[in-house]
Structures are given as C-alpha cells and as structure tokens.
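One line per chain: the protein sequences are C and R, in this order.
Okay, so the first sequence: first residue is 215 according to the numbering used here, each after it adds one.
Okay, so the second sequence: first residue is 12 according to the numbering used here, each after it adds one.
All C-beta atoms, glycine included, are put in the ideal place defined by N, C-alpha and C.
First the structure, in the form of structure tokens, and then the observations on it.
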Amino acid sequence: GENVEQHPSTLSVQEGDSAVIKCTYSDSASNYFPWYKQELGKGPQLIIDIRSNVGEKKDQRIAVTLNKTAKHFSLHITETQPEDSAVYFCAASEEMGSNDYKLSFGAGTTVTVRA
Amino acid sequence: ETGVTQTPRHLVMGMTNKKSLKCEQHLGHNAMYWYKQSAKKPLELMFVYSLEERVENNSVPSRFSPECPNSSHLFLHLHTLQPEDSALYLCASSQMGGNTEAFFGQGTRLTVV
C-alpha cells in the first residue's frame, strides 16, 4: 500500500516569511495529491491539490510542486499570516480497484506563524 | 460549512457502553469514509463505503461496527471500547470513480473512560 511521509512535524515562521512542507510517497501509480488544513476543533479542509500531469499549481499565496520521478511533493505558503497557523496534511491517492480510490495521509505539520 | 455533518461533537463513554456516531453528507457523493485521528499520527482509514457497499476494512477491531443505510448516512457503532480508542473520529465523503477531493466533517471527539 501507499506510504506517505511528511516533514517537518512542526514549523514556526515569522509573519511574512515563507513556509515549506515536504512529502514523499511510495506508490508510483498515485496520481492525485491533495493538501488539507486543519484548524483547532475542525475537520481537515482541502486547500490545494495537484494531479500527476502537472508539475506545479498556484492559488494566491499557496503553491504545490510535484516531482513524480522522485516521488515527492511540497506545499509552499508565501507571506504567511497568523491565520495560516494550523495543522497541514499531505495525502496521496491509492487505487483500491474498480476505479475506487482512497487517500493515504502524512502525519501532519503543525505550523505556527509568529506575529 | 463543509456539507458533512457529524454528531455528536463530543462523546465520553465507559468501556462497557454502546454508542453510535452519526455522519450525514449533503453533497450528493457516493462514497463515505471513517477515519481515526490520534495525536502525532497520520489519519488512519478505518472503513470505506462506495455505493453503500463496504469496499475496505482496514483491519479494524470488531468493537467498531460501521453501517451505511444509504449514500447520505454513515454510522459507526461502538461497543466495549478501550481507553486507547480515545481519538477524534472523522467522517468524509467523496465522489468515487473520479479520484477527487474528500470532504471532511468536524469530527467526534471520543473519550473512553
């Protein structure tokens, strides 16, 4: 099955600086890579995703890069703000058969933005 | 609001109790999931239902029993749990067959005493 590793486990950045979270995956057949943000007391919410036919995707201050050869993908947050403080999870899809998929998640990164 | 609603938000139960967690999705999805979230660990997939049929059971102990009566509702029946089962239980839904985004509920914080 798919194995997703995520680093670092905690990240503290000064407001305005950038934050980078990296993930690796093991199943070369995976082709969908979402990133989720989980705030305290809430469930994870999708913030950006990328598919294997794309190397980079950007949405305002958030960008994701994918290197299929190396089997790693990264989340980049620029100009961080206090509301970016949360736990971030990467995930990779894994086919269960019959065109059904499930997500395997990394362990999460707790991001703290210092004012 | 994510469109996936879980009740109750918090639950404290004894090891001999029987309780149920409920999940409802209003997104028209055809797949629903139960995840267990423990501190400092990846989300653990417990059960997957696609078109109301269970397609995955990740070696979950029998004291957890899922039920999917229709594509909008998912239950997790709990019986004789252990303290180590205390965690946040998350429900999610998605559209199967398309390898697409999963939408999560806010979770049920379960404490077993």
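Would DSSP call residue i helix, strand or coil?
{"i": "C:Pro296", "result": "helix"}
{"i": "R:Glu95", "result": "helix"}
{"i": "C:Gly311", "result": "strand"}
{"i": "R:Asn1", "result": "Nothing can be reported for residue 1 of chain R: it is not among the residues displayed for chain R, which extend from 12 to 124."}
{"i": "R:Asn68", "result": "strand"}
{"i": "R:Glu112", "result": "coil"}
{"i": "C:Arg275", "result": "coil"}
{"i": "C:Lys285", "result": "coil"}
{"i": "R:Gln117", "result": "coil"}
{"i": "C:Val268", "result": "coil"}
{"i": "C:Pro248", "result": "strand"}
{"i": "C:Ser223", "result": "coil"}
{"i": "R:Arg20", "result": "coil"}
{"i": "C:Glu328", "result": "The displayed chain sequence assigns Arg, not Glu, to residue 328 of chain C. The answer is strand: DSSP assigns C:Arg328 an E or B state."}
{"i": "C:Ala233", "result": "strand"}
{"i": "C:Asp263", "result": "strand"}
{"i": "R:Glu63", "result": "coil"}
With distance defined between alpha-carbon atoms, name the residue in the options nearest to residue i.
{"i": "R:Asp126", "options": "R:Ser70, R:Ser82, R:Phe114, R:Phe75", "result": "Since the first and last residues shown for chain R are 12 and 124, residue 126 of chain R lies out of range."}
{"i": "C:His286", "options": "C:Pro258, C:Tyr246, C:Val301", "result": "C:Tyr246"}
{"i": "R:Ser82", "options": "R:Cys34, R:Leu101, R:His90", "result": "R:Cys34"}
{"i": "C:Glu297", "options": "C:Leu280, C:Val327, C:Asp273", "result": "C:Val327"}
{"i": "R:Gln17", "options": "R:Glu112, R:Thr27, R:Leu101", "result": "R:Leu101"}
{"i": "C:Ala277", "options": "C:Ser244, C:Ala300, C:Asp314, C:Ser232", "result": "C:Ser232"}
Taking the Cβ atom as the reference point for each residue, do residue i and residue j lie within a distance shorter than 8 Å?
{"i": "R:Val123", "j": "R:Leu92", "result": "yes"}
{"i": "C:Lys271", "j": "C:Ile264", "result": "yes"}
{"i": "R:Pro19", "j": "R:Thr119", "result": "yes"}
{"i": "R:Gln117", "j": "C:Lys251", "result": "no"}
{"i": "R:Met26", "j": "C:Asp314", "result": "no"}
Which residues in the same chain as residue i place their Cβ atom closer than 7 Å to its Cβ, once the five residues preceding and following it in sequence are excluded?
{"i": "C:Arg275", "result": "Ile291, Thr292, Glu293"}
{"i": "C:Gly230", "result": "Glu293, Thr294"}
Excluding sequence positions up to five away, which residues of its chain have a Cβ less than 6 Å from the Cβ of residue i?
{"i": "C:Val305", "result": "Inspection of the sequence shows that residue 305 of chain C is occupied by Ala rather than by Val. Closer than 6 Å at the Cβ level, and outside the excluded window around C:Ala305, lie Pro248, Leu317, Phe319."}
{"i": "R:His37", "result": "Gly14"}
{"i": "C:Ile235", "result": "Leu289, Tyr302, Thr323"}
{"i": "C:Lys282", "result": "Ser266"}
Check whether the Cβ of residue i lies closer than 7 Å to any heavy atom of the ligand ATP, and answer yes or no.
{"i": "C:Glu270", "result": "Because no ligand of any kind appears in the structure shown, any question about the ligand ATP cannot be addressed here."}
Got a sec? Which residues, its chain only, sit under 8 Å from residue i by beta carbon, not counting five neighbours each side?
{"i": "R:Glu55", "result": "Tyr46, Lys47, Gln48, Ser49, Asn69"}
{"i": "R:Phe114", "result": "Thr13, Gly14, Val15, Gln36, Leu38, His40, Ala103, Ser104, Ser105"}
{"i": "C:Val218", "result": "Cys237, Thr238, Tyr239, Ser240, Cys304, Ala305, Ala306, Ser318, Phe319, Gly320"}
{"i": "R:Val66", "result": "Val59, Tyr60"}
{"i": "R:Phe86", "result": "Ser31, Leu32, Lys33, Cys34, Pro77, Glu78, Cys79, Pro80"}
{"i": "R:Met24", "result": "Lys30, Leu89, Leu92, Leu121, Thr122, Val123, Val124"}
{"i": "C:Met310", "result": "Lys316"}
> In the stretch 47–69 of chain R, which residues sit with their C-beta less than 8 Å from some C-beta in chain D, listed in chain order?
Replying inline: Of the chains in the structure shown, none is chain D; the protein chains are C and R.
> Going along the chain, which residues of the stretch 249–281 of chain C sit with their C-beta nearer than 9 Å to a C-beta in chain R?
Replying inline: Tyr250, Gln252, Gly255, Lys256, Gly257, Pro258, Gln259, Leu260, Asp263, Arg265
> Of the residues that make up the stretch 86–102 of chain R, which ones have a beta carbon closer than 9 Å to any beta carbon in chain C?
Replying inline: Leu99, Leu101, Cys102
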